[in-house]
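> Residue numbers (our numbering): 1 to 205. Positions of the beta carbon are idealized from the N, C-alpha and C atoms, including for glycine. Computed from a predicted structure; not experimentally measured.
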Amino acid sequence: MESPTTTNTELFENQPGNAYFCLHEDDICLLSFGVEELYSEEYLRWMNDLDVTKTLGRFDYLMPVDRAKLVEYYNEINRESTIFLAIYLKGNSSSDQIKKADMKFIGTLKIYDIDLLAKRASLGIAIGDKLEWGKGYAGKAIRIASQYVFEVLGLRKITAGYIASNVGMERAFLKNGFEIEAIFKKHIYFEGQFVDHKFVCKFRK
Ligand SMILES: CC(C)(COP(=O)(O)OP(=O)(O)OC[C@H]1O[C@@H](n2cnc3c(N)ncnc32)[C@H](O)[C@@H]1OP(=O)(O)O)[C@@H](O)C(=O)NCCC(=O)NCCS
Numbered sequence: 001m002e003s004p005t006t007t008n009t010e011l012f013e014n015q016p017g018n019a020y021f022c023l024h025e026d027d028i029c030l031l032s033f034g035v036e037e038l039y040s041e042e043y044l045r046w047m048n049d050l051d052v053t054k055t056l057g058r059f060d061y062l063m064p065v066d067r068a069k070l071v072e073y074y075n076e077i078n079r080e081s082t083i084f085l086a087i088y089l090k091g092n093s094s095s096d097q098i099k100k101a102d103m104k105f106i107g108t109l110k111i112y113d114i115d116l117l118a119k120r121a122s123l124g125i126a127i128g129d130k131l132e133w134g135k136g137y138a139g140k141a142i143r144i145a146s147q148y149v150f151e152v153l154g155l156r157k158i159t160a161g162y163i164a165s166n167v168g169m170e171r172a173f174l175k176n177g178f179e180i181e182a183i184f185k186k187h188i189y190f191e192g193q194f195v196d197h198k199f200v201c202k203f204r205k
């Protein structure tokens, strides 16, 4: 991993994004996305992997991105309405104590557009490590984050959106009790065509 410069470290150390945050269930752990993840080789690799970025809906990520671009993105996150998290896979250690060094950084999860008046928030997720696709990790991360949004933040509705052909994303949300709320027809430009954008939601019970 590249080390952040002293200036970068000073810049980040007081940001709330670096506050301690740890939610875990089974083999998945959600931690604050901080400087360590921002400067990790993994994050830079994922954000330059078209298989990962093409369905994110961020067209500026369809071209190669450098570390400075990722740092800019991180710095521009609105901390009042966004919680940016790193998804870690716990090791096989049977110890009760979770150590970051024993875990594998596999993706990111963003709780964003937190609206305390309307009491809702949105979720965005990327499992950057393609070796870990199809193992249920997105589904588990959504379950943990949803529980946090409803039970800790006390919000009443969660929304998410994805390109209609993103079957993995749809299944991960539907199996967590989300329902399809809207389909915007031919709304997104994707691989040379205008495709539908689906929106799902879940209300607190
Ligand atoms: C979409 C994404 C988050 C799914 O993550 P994942 O950890 O592989 O998802 P899960 O393993 O929890 O899969 C949930 C379900 O979808 C299925 N699934 C996953 N990927 C699939 C695919 N490409 N095609 C068909 N089914 C798929 C899984 O088998 C699982 O089905 P099951 O519940 O019946 O067993 C991941 O592929 C990813 O990060 N892609 C790139 C970024 C992205 O598209 N993010 C979403 C932007 S809105």
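Considering only DSSP beta bridges, list what His-24 is partnered with.
Secondary-structure assignment with DSSP links His-24 through a beta bridge to Cys-29.
> Measuring CA to CA, which of Ser-122, Ile-87 and Ala-68 is closest to Phe-173?
Ser-122
> Return yes when the Cβ of Phe-184 is within less than 8 Å of the Cβ of Asp-196, no when it is not.
yes
> So, at 8 Å on beta carbons, what are the nonlocal neighbours of Ile-28 in its own chain, with the 5 sequence-adjacent residues on each side left out?
Ile-87, Tyr-88, Leu-89, Lys-90, Tyr-137, Lys-140, Ala-141 and Ile-144
> Near Leu-85, which residues of its chain fall below 6 Å by C-beta distance, leaving aside the five closest residues on each side in sequence?
Leu-30, Phe-33 and Leu-109
> Give me the Cα-Cα distance between Ala-118 and Asp-129, rounded to the nearest whole angstrom.
The alpha-carbon atoms of Ala-118 and Asp-129 are separated by roughly 34 Å.
> Alpha carbon to alpha carbon, how far is Asp-66 from Val-200? Give it in angstroms, no decimals.
Answer to the nearest angstrom: the Cα atoms are 32 Å apart.
> Taking the alpha carbon of Ala-207 as the reference point, which residue from Glu-80, Gly-192 and Glu-37 has its own alpha carbon closest?
The structure shown does not extend to residue 207, since the chain is modelled only from 1 to 205, so the question has no answer here.
> From what residue to what residue does the beta strand (DSSP E) around Lys-140 run?
Boundaries for Lys-140: no beta strand (DSSP E) harbours it, while the alpha helix (DSSP H) harbouring it runs 137–147, taken from the DSSP string.
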